[in-house]
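Structure, as C-alpha coordinates:
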Amino acid sequence: MRTTVRKTYKMWLGGQFVRSESGRAYPVRNAQGEFWANAPQASRKDLRDAVQAARSAQPSWAKRTAYNRGQILYRVAEMLETRRAALRDELCAVLGVLPSDADAEIDASIDRWVYYAGWSDKFGAVLSAVNPVAMPMHTFTVPEPMGVVGIACPPEAPLASLSSLLAPAIVSGNTVVALLPEDAPTVGLAFAEVLATADLPAGVVNLLSGSPRELLPHLAAHVGVDALNLCGVTEPERAPLEQAAAETITRLHHSPRLTPDEWHSDIAQGLHWLEPYLEFKTVWHPLGW
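Under my numbering, the first residue of the sequence shown is numbered 5, with each subsequent residue one higher.
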(Lines of atoms letter the chains of each structure in order from A; the text may use other names.)
(Lines give C-alpha, C1' and ligand atoms only; values in the text may rest on other atoms or scores of the structure.)
Protein backbone atom coordinates (compact mmCIF):
# COMPACT_ATOMS: atom_id res chain seq x y z
CA MET A 5 0.00 0.00 0.00
CA ARG A 6 1.43 3.37 -1.07
CA THR A 7 1.97 6.25 1.28
CA THR A 8 -0.38 9.17 0.74
CA VAL A 9 1.59 12.12 -0.59
CA ARG A 10 -0.03 15.25 0.77
CA LYS A 11 0.40 18.51 -1.07
CA THR A 12 2.76 21.04 0.48
CA TYR A 13 1.52 24.58 -0.05
CA LYS A 14 3.90 27.51 -0.37
CA MET A 15 3.47 31.21 -0.94
CA TRP A 16 4.38 32.85 -4.25
CA LEU A 17 6.83 35.66 -3.62
CA GLY A 18 9.20 37.28 -6.08
CA GLY A 19 8.75 34.48 -8.60
CA GLN A 20 9.60 31.74 -6.10
CA PHE A 21 7.65 29.32 -3.93
CA VAL A 22 8.57 30.08 -0.34
CA ARG A 23 7.59 29.17 3.19
CA SER A 24 7.22 31.90 5.77
CA GLU A 25 10.57 33.20 6.97
CA SER A 26 9.21 32.74 10.50
CA GLY A 27 8.63 29.04 9.91
CA ARG A 28 5.00 29.41 11.00
CA ALA A 29 2.05 27.57 9.49
CA TYR A 30 -1.61 27.18 10.37
CA PRO A 31 -4.15 24.42 9.66
CA VAL A 32 -6.71 24.81 6.88
CA ARG A 33 -9.88 22.73 7.04
CA ASN A 34 -12.04 21.50 4.19
CA ALA A 35 -15.78 21.94 3.79
CA GLN A 36 -16.44 19.04 6.20
CA GLY A 37 -14.34 20.63 8.92
CA GLU A 38 -11.56 18.08 8.53
CA PHE A 39 -7.87 18.90 8.33
CA TRP A 40 -6.92 19.63 4.73
CA ALA A 41 -3.45 21.19 4.77
CA ASN A 42 -1.02 23.44 6.56
CA ALA A 43 -0.74 26.87 4.96
CA PRO A 44 2.24 29.18 5.48
CA GLN A 45 1.52 31.99 7.92
CA ALA A 46 3.19 35.05 6.45
CA SER A 47 5.03 37.42 8.76
CA ARG A 48 5.55 41.16 8.45
CA LYS A 49 8.99 40.38 7.00
CA ASP A 50 7.35 38.26 4.29
CA LEU A 51 5.02 41.17 3.54
CA ARG A 52 7.91 43.61 3.25
CA ASP A 53 9.74 41.19 0.96
CA ALA A 54 6.63 40.89 -1.21
CA VAL A 55 6.27 44.67 -1.52
CA GLN A 56 9.96 44.99 -2.35
CA ALA A 57 9.64 42.30 -5.04
CA ALA A 58 6.59 44.04 -6.50
CA ARG A 59 8.31 47.43 -6.43
CA SER A 60 11.40 46.04 -8.18
CA ALA A 61 9.34 44.33 -10.89
CA GLN A 62 6.97 47.22 -11.62
CA PRO A 63 9.10 49.48 -13.88
CA SER A 64 10.09 46.73 -16.30
CA TRP A 65 6.55 45.28 -16.33
CA ALA A 66 5.09 48.69 -17.15
CA LYS A 67 7.67 49.23 -19.92
CA ARG A 68 6.58 46.10 -21.77
CA THR A 69 4.30 46.71 -24.69
CA ALA A 70 0.59 46.50 -23.93
CA TYR A 71 0.36 43.75 -26.53
CA ASN A 72 3.00 41.69 -24.74
CA ARG A 73 1.24 42.07 -21.39
CA GLY A 74 -1.92 40.84 -23.11
CA GLN A 75 -0.05 37.82 -24.44
CA ILE A 76 1.10 36.95 -20.93
CA LEU A 77 -2.41 37.31 -19.49
CA TYR A 78 -3.67 35.03 -22.23
CA ARG A 79 -0.94 32.56 -21.30
CA VAL A 80 -2.31 32.55 -17.73
CA ALA A 81 -5.67 31.49 -19.19
CA GLU A 82 -3.96 28.72 -21.15
CA MET A 83 -2.21 27.40 -18.06
CA LEU A 84 -5.45 27.55 -16.07
CA GLU A 85 -6.99 25.30 -18.68
CA THR A 86 -4.19 22.76 -18.39
CA ARG A 87 -4.48 22.76 -14.57
CA ARG A 88 -8.25 22.31 -14.61
CA ALA A 89 -8.33 18.84 -13.02
CA ALA A 90 -6.11 19.80 -10.07
CA LEU A 91 -7.99 23.03 -9.43
CA ARG A 92 -11.32 21.23 -9.67
CA ASP A 93 -10.23 18.79 -6.95
CA GLU A 94 -9.01 21.71 -4.81
CA LEU A 95 -12.29 23.61 -5.13
CA CYS A 96 -14.41 20.53 -4.45
CA ALA A 97 -12.45 19.69 -1.31
CA VAL A 98 -12.12 23.18 0.14
CA LEU A 99 -15.54 24.56 -0.75
CA GLY A 100 -17.53 21.33 -0.78
CA VAL A 101 -19.01 22.13 -4.20
CA LEU A 102 -19.97 19.72 -6.96
CA PRO A 103 -17.49 19.14 -9.80
CA SER A 104 -19.84 20.96 -12.17
CA ASP A 105 -19.82 24.02 -9.89
CA ALA A 106 -16.03 23.87 -9.63
CA ASP A 107 -15.80 23.74 -13.43
CA ALA A 108 -18.06 26.79 -13.63
CA GLU A 109 -15.67 28.72 -11.39
CA ILE A 110 -12.66 27.63 -13.42
CA ASP A 111 -14.45 28.62 -16.63
CA ALA A 112 -15.22 32.05 -15.19
CA SER A 113 -11.59 32.49 -14.13
CA ILE A 114 -10.26 31.53 -17.55
CA ASP A 115 -12.73 33.86 -19.26
CA ARG A 116 -11.66 36.69 -16.96
CA TRP A 117 -8.00 36.44 -17.95
CA VAL A 118 -8.90 36.25 -21.65
CA TYR A 119 -11.20 39.27 -21.26
CA TYR A 120 -8.49 41.51 -19.82
CA ALA A 121 -5.87 40.15 -22.23
CA GLY A 122 -8.08 41.56 -24.97
CA TRP A 123 -8.27 44.96 -23.25
CA SER A 124 -4.50 45.25 -22.79
CA ASP A 125 -3.81 47.34 -25.90
CA LYS A 126 -7.26 48.98 -26.13
CA PHE A 127 -8.13 50.53 -22.76
CA GLY A 128 -5.58 53.30 -23.32
CA ALA A 129 -7.37 54.46 -26.46
CA VAL A 130 -10.78 54.29 -24.78
CA LEU A 131 -9.79 56.11 -21.58
CA SER A 132 -7.43 58.72 -23.04
CA ALA A 133 -8.61 62.06 -24.42
CA VAL A 134 -7.64 65.11 -26.44
CA ASN A 135 -8.76 68.05 -24.31
CA PRO A 136 -10.22 71.27 -25.76
CA VAL A 137 -8.43 74.38 -24.46
CA ALA A 138 -8.77 78.08 -25.28
CA MET A 139 -5.11 78.68 -26.03
CA PRO A 140 -2.56 77.61 -28.64
CA MET A 141 -1.81 74.28 -26.96
CA HIS A 142 -2.41 70.61 -27.54
CA THR A 143 -3.41 68.75 -24.35
CA PHE A 144 -3.65 65.00 -24.05
CA THR A 145 -4.79 62.94 -21.07
CA VAL A 146 -3.42 59.40 -20.97
CA PRO A 147 -3.72 56.60 -18.37
CA GLU A 148 -0.68 55.28 -16.53
CA PRO A 149 -0.30 52.47 -13.98
CA MET A 150 -0.41 53.37 -10.28
CA GLY A 151 2.55 51.20 -9.29
CA VAL A 152 2.24 48.59 -6.53
CA VAL A 153 -1.28 47.48 -5.62
CA GLY A 154 -2.22 45.69 -2.40
CA ILE A 155 -5.31 43.49 -2.50
CA ALA A 156 -7.24 41.85 0.34
CA CYS A 157 -8.98 38.91 -1.33
CA PRO A 158 -12.48 37.78 -0.31
CA PRO A 159 -13.32 34.14 0.55
CA GLU A 160 -16.28 33.94 -1.85
CA ALA A 161 -15.45 32.07 -5.08
CA PRO A 162 -11.73 32.15 -4.20
CA LEU A 163 -10.44 31.38 -7.70
CA ALA A 164 -12.85 33.56 -9.69
CA SER A 165 -12.59 36.49 -7.28
CA LEU A 166 -8.78 36.27 -7.24
CA SER A 167 -8.68 36.29 -11.05
CA SER A 168 -11.21 39.13 -11.19
CA LEU A 169 -9.04 41.26 -8.90
CA LEU A 170 -5.59 40.36 -10.21
CA ALA A 171 -6.12 40.64 -13.97
CA PRO A 172 -7.40 44.24 -14.13
CA ALA A 173 -4.69 45.35 -11.72
CA ILE A 174 -1.72 43.98 -13.65
CA VAL A 175 -2.88 44.42 -17.25
CA SER A 176 -2.01 48.13 -17.23
CA GLY A 177 1.49 47.65 -15.79
CA ASN A 178 0.88 47.50 -12.04
CA THR A 179 2.31 44.82 -9.78
CA VAL A 180 0.37 43.20 -6.95
CA VAL A 181 0.77 41.96 -3.39
CA ALA A 182 -2.35 39.93 -2.59
CA LEU A 183 -3.36 38.56 0.80
CA LEU A 184 -5.41 35.41 0.29
CA PRO A 185 -8.50 34.67 2.42
CA GLU A 186 -7.39 33.22 5.74
CA ASP A 187 -9.85 30.31 5.79
CA ALA A 188 -9.39 29.27 2.15
CA PRO A 189 -5.87 30.18 1.02
CA THR A 190 -4.99 26.89 -0.65
CA VAL A 191 -6.95 27.65 -3.83
CA GLY A 192 -4.89 30.78 -4.37
CA LEU A 193 -1.66 29.00 -3.45
CA ALA A 194 -2.50 26.29 -6.00
CA PHE A 195 -3.20 29.04 -8.55
CA ALA A 196 0.38 30.23 -8.03
CA GLU A 197 1.49 27.07 -9.83
CA VAL A 198 -0.34 28.44 -12.87
CA LEU A 199 1.54 31.73 -12.65
CA ALA A 200 4.86 29.90 -12.39
CA THR A 201 4.42 28.51 -15.92
CA ALA A 202 2.66 31.48 -17.50
CA ASP A 203 5.68 33.62 -18.51
CA LEU A 204 4.73 36.18 -15.86
CA PRO A 205 7.89 38.01 -14.74
CA ALA A 206 9.00 37.46 -11.15
CA GLY A 207 7.46 39.89 -8.69
CA VAL A 208 4.50 40.99 -10.82
CA VAL A 209 2.13 38.94 -8.64
CA ASN A 210 2.91 37.98 -5.04
CA LEU A 211 0.49 35.78 -3.08
CA LEU A 212 0.62 35.60 0.72
CA SER A 213 -1.40 33.52 3.17
CA GLY A 214 -1.85 34.32 6.82
CA SER A 215 -3.77 36.48 9.24
CA PRO A 216 -5.38 39.66 7.83
CA ARG A 217 -5.44 41.14 11.33
CA GLU A 218 -1.67 40.82 11.50
CA LEU A 219 -0.75 41.77 7.93
CA LEU A 220 -3.30 44.24 6.58
CA PRO A 221 -2.39 47.14 8.92
CA HIS A 222 1.21 46.91 7.73
CA LEU A 223 0.19 46.58 4.08
CA ALA A 224 -2.02 49.67 4.40
CA ALA A 225 0.73 51.69 6.09
CA HIS A 226 3.58 50.60 3.80
CA VAL A 227 5.03 53.54 1.88
CA GLY A 228 5.87 51.24 -1.04
CA VAL A 229 2.20 50.51 -1.76
CA ASP A 230 0.48 52.96 -4.11
CA ALA A 231 -3.07 51.59 -4.13
CA LEU A 232 -5.05 49.32 -1.82
CA ASN A 233 -8.17 47.31 -2.59
CA LEU A 234 -9.99 46.23 0.58
CA CYS A 235 -12.50 43.98 -1.18
CA GLY A 236 -12.05 41.17 1.34
CA VAL A 237 -12.40 43.40 4.41
CA THR A 238 -15.74 43.88 6.14
CA GLU A 239 -17.11 47.38 6.64
CA PRO A 240 -16.42 47.61 10.43
CA GLU A 241 -12.76 46.63 9.91
CA ARG A 242 -12.02 49.18 7.20
CA ALA A 243 -11.74 52.42 9.20
CA PRO A 244 -8.28 51.85 10.80
CA LEU A 245 -6.92 50.52 7.50
CA GLU A 246 -8.24 53.55 5.64
CA GLN A 247 -6.62 55.85 8.18
CA ALA A 248 -3.27 54.05 7.88
CA ALA A 249 -3.46 54.23 4.08
CA ALA A 250 -4.27 57.95 4.19
CA GLU A 251 -1.09 58.66 6.13
CA THR A 252 0.98 57.31 3.22
CA ILE A 253 -1.27 58.87 0.54
CA THR A 254 -2.30 55.44 -0.72
CA ARG A 255 -5.26 55.35 -3.07
CA LEU A 256 -8.11 53.32 -1.58
CA HIS A 257 -10.61 51.24 -3.49
CA HIS A 258 -13.34 48.87 -2.36
CA SER A 259 -14.34 46.42 -5.06
CA PRO A 260 -17.86 45.13 -4.35
CA ARG A 261 -18.10 42.02 -2.16
CA LEU A 262 -19.99 39.78 -4.57
CA THR A 263 -21.69 36.41 -4.19
CA PRO A 264 -20.10 33.36 -5.86
CA ASP A 265 -22.63 33.51 -8.70
CA GLU A 266 -21.87 37.19 -9.24
CA TRP A 267 -18.12 36.54 -9.31
CA HIS A 268 -18.82 34.01 -12.06
CA SER A 269 -20.83 36.52 -14.11
CA ASP A 270 -20.02 39.55 -16.26
CA ILE A 271 -20.79 41.80 -13.27
CA ALA A 272 -17.24 41.10 -12.08
CA GLN A 273 -15.51 42.51 -15.15
CA GLY A 274 -15.34 45.72 -17.13
CA LEU A 275 -13.38 48.91 -17.53
CA HIS A 276 -14.69 50.15 -14.18
CA TRP A 277 -12.72 47.30 -12.55
CA LEU A 278 -9.56 48.50 -14.30
CA GLU A 279 -9.82 52.28 -13.83
CA PRO A 280 -9.14 52.40 -10.05
CA TYR A 281 -5.60 51.16 -10.70
CA LEU A 282 -4.79 53.95 -13.16
CA GLU A 283 -3.50 57.49 -12.85
CA PHE A 284 -4.28 60.00 -15.57
CA LYS A 285 -1.49 62.25 -16.81
CA THR A 286 -2.26 65.38 -18.81
CA VAL A 287 0.40 66.60 -21.22
CA TRP A 288 0.43 70.17 -22.54
CA HIS A 289 2.27 70.85 -25.81
CA PRO A 290 2.53 74.28 -27.46
CA LEU A 291 1.39 74.62 -31.04
CA GLY A 292 3.90 75.70 -33.65
CA TRP A 293 3.52 79.20 -35.05
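Built from N, CA and C at the ideal position, the CB exists for glycine as well.
No experiment lies behind these values; they were computed from the predicted model shown.
- In the structure shown, the three-state DSSP call for E85 is helix.
- DSSP lists V181, L232 as the beta-bridge partner residues of G154.
- Within its own chain, the residues whose Cβ lies closer than 6 Å to the Cβ of Y13, once the five positions on either side in sequence are excluded, are A41, A43, T190, L193, listed in chain order.
- Distance from the CA atom of S26 to the CA atom of L84, rounded to whole angstroms, is 31 Å.
- Counting C-beta pairs with one atom in each stretch, the stretch 175–190 and the stretch 142–157 have three or more that are closer than 8 Å, which means they touch.
- Beta bridge pairing from DSSP links N42 with P31.
- Taking C-beta separations shorter than 6 Å and ignoring five residues to either side along the sequence, the partners of D230 in its chain run M150, G151, V152, following chain order.
- Note on geometry: alpha-carbon atoms of D107 and R88 lie some 8 Å from one another.
- Taking C-beta atoms as the reference points, A206 and G37 fail to come closer than 8 Å.
- Across the set R261, N178, W277, the C-alpha of N178 shows the shortest separation from the C-alpha of G228.
- Its chain contains N42, A43, P44, Q45 as the residues whose beta carbon lies nearer than 7 Å to that of A29, once the 5 sequence neighbours on both sides are disregarded; these appear in chain order.
- In this structure, DSSP gives T145 an extended state, which the three-state scheme calls strand.
- Burial is judged here by how many other beta carbons sit within 10 angstroms of a residue's own beta carbon; E239 has fewer than 16 and is exposed.
- Looking at the DSSP output, W288 shares a beta bridge with T143.
- L219 is positioned such that its CB atom lies no closer than 8 Å to that of H258.
- Sixteen is the threshold: when 16 or more other Cβ atoms of the shown chains lie within 10 Å of the Cβ of A112, as they do, the residue is buried.
- In this structure, DSSP gives E186 a state outside helix and strand, which the three-state scheme calls coil.
- As a beta-bridge residue in DSSP terms, L212 pairs with L183.
- Taken through DSSP and simplified to helix, strand or coil, R255 comes out as strand.
- In the structure shown, the three-state DSSP call for Q20 is strand.
- Beta-bridge partners of M15 (DSSP): V22.
- Its chain contains W123, F127, V130, L131 as the residues whose beta carbon lies nearer than 8 Å to that of L275, once the 5 sequence neighbours on both sides are disregarded; these appear in chain order.
- The straight-line gap separating the alpha-carbon atoms of I174 and H226 is approximately 19 Å.
- Remark: three or more beta-carbon pairs, one from each stretch, lie closer than 8 Å, so the stretch 137–151 and the stretch 282–292 are flagged as touching.
- I114 is not a Cβ neighbour of D203, given a cutoff of 8 Å.
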